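Here the structure comes first, spelled out in structure tokens, and everything after it is commentary.
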Amino acid sequence: MIISIATVEDLDAVNSIRADIYHDKTTDHEVRPEDSADSIMKTDRQITFIVTNDENISTGYITVHERSQFKPENEAEFELFVKRDFRGKGIGKMLLRAAIDYVSHHPTFDKLTLMVYKTSRAMGLYESFGFNTIGEINSKALEMYLDVKVGNSSSAHDIQN
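Sequence positions in the sequence shown follow the numbering used here and run 36 to 196.
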């Protein structure tokens, strides 16, 4: 399994994963087909995609939004996606470790946040990494955070380029 910062060439794979998630009725993610990686990159220049590949098959990715109009400057927000056939194989854990490592070494950030559906199977993953609930966004979703100052990171994984 290879994990790396996405290149322009990886955006097609990211779009393919987004399309798979959009058509997957077993997940609560609200991925819209018009929100391609390309369009996200055009509107959010301070975003990093970290991708996983297994034998040249893209298996998942995590986006780290470095700036948001809704978040303080010290917080990075992320979204995690793993293809259905590859769930339960540790890919989400690898991607989350890589994002934590990436954010914990960024000079601006001390917190990593996400919005997660209460019914999400990933809740246990986030809690196992030490994420805490900030509060409810609505009746279906929670906002969670993790302090990620260097030295507090639960990641020992180096991202391969």
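Don't be surprised by glycine CBs; every beta carbon is placed ideally from N, CA and C. Keep in mind that this is a model prediction, so the values were computed, not measured.
Exercise for the section: Output the distance between the C-alpha atoms of Thr94 and Thr87, rounded to the nearest integer angstrom. Expected result: 6 Å
Problem - Test item: CB-CB of Tyr152 and Val99 under 8 Å - result: no
Exercise for the section: May I ask you to report which of helix, strand or coil DSSP gives Asn50? Expected result: helix
Handout entry: Glu110 - DSSP class collapsed to helix/strand/coil
Key = strand
Exercise for the section: Select from Ile56, Asp145, Ser174, Ile82 the residue whose C-alpha is nearest the C-alpha of Ile40. Expected result: Ile82
Handout entry: Proximity of Ile85 and Leu147 at Cβ, strictly below 8 Å
Key = no
Exercise for the section: Report the option in Arg132, Glu108, Ile97 whose CA atom is closest to the CA atom of Lys118. Expected result: Ile97
Handout entry: Inter-residue Cα distance where the pair is Met150 and Glu112
Key = 8 Å
Exercise for the section: Using 7 Å as the cut-off, classify the Cβ of Glu90 as near or not near the heavy atoms of the ligand MN, replying yes or no. Expected result: The ligand MN is absent from the structure shown, which contains no ligand whatsoever.
Handout entry: Closest Cα partner of Pro107 within the set Phe121, Asp145, Ser174, Leu115
Key = Asp145
Practice task
Tell me whether Phe121 sits in a helix, a strand or coil according to DSSP, three-state version.
Solution key: helix
Handout entry: Under 8 Å between C-beta atoms of Glu168 and Leu160
Key = In the sequence as presented, Glu is not what sits at residue 168; that position holds Thr. Cβ distance not < 8 Å, so Thr168 and Leu160 don't count as in contact.
Problem - CA nearest to the CA of Lys184, picked from His140, Ser155, Glu114 - result: His140
Problem - Option nearest Ser155 by Cα separation, candidates Ala54, Thr42, Leu115, Ala48 - result: Leu115
Exercise for the section: Would you kindly check if the distance between the Cβ of Leu181 and the Cβ of Gly170 is under 8 Å? Expected result: no
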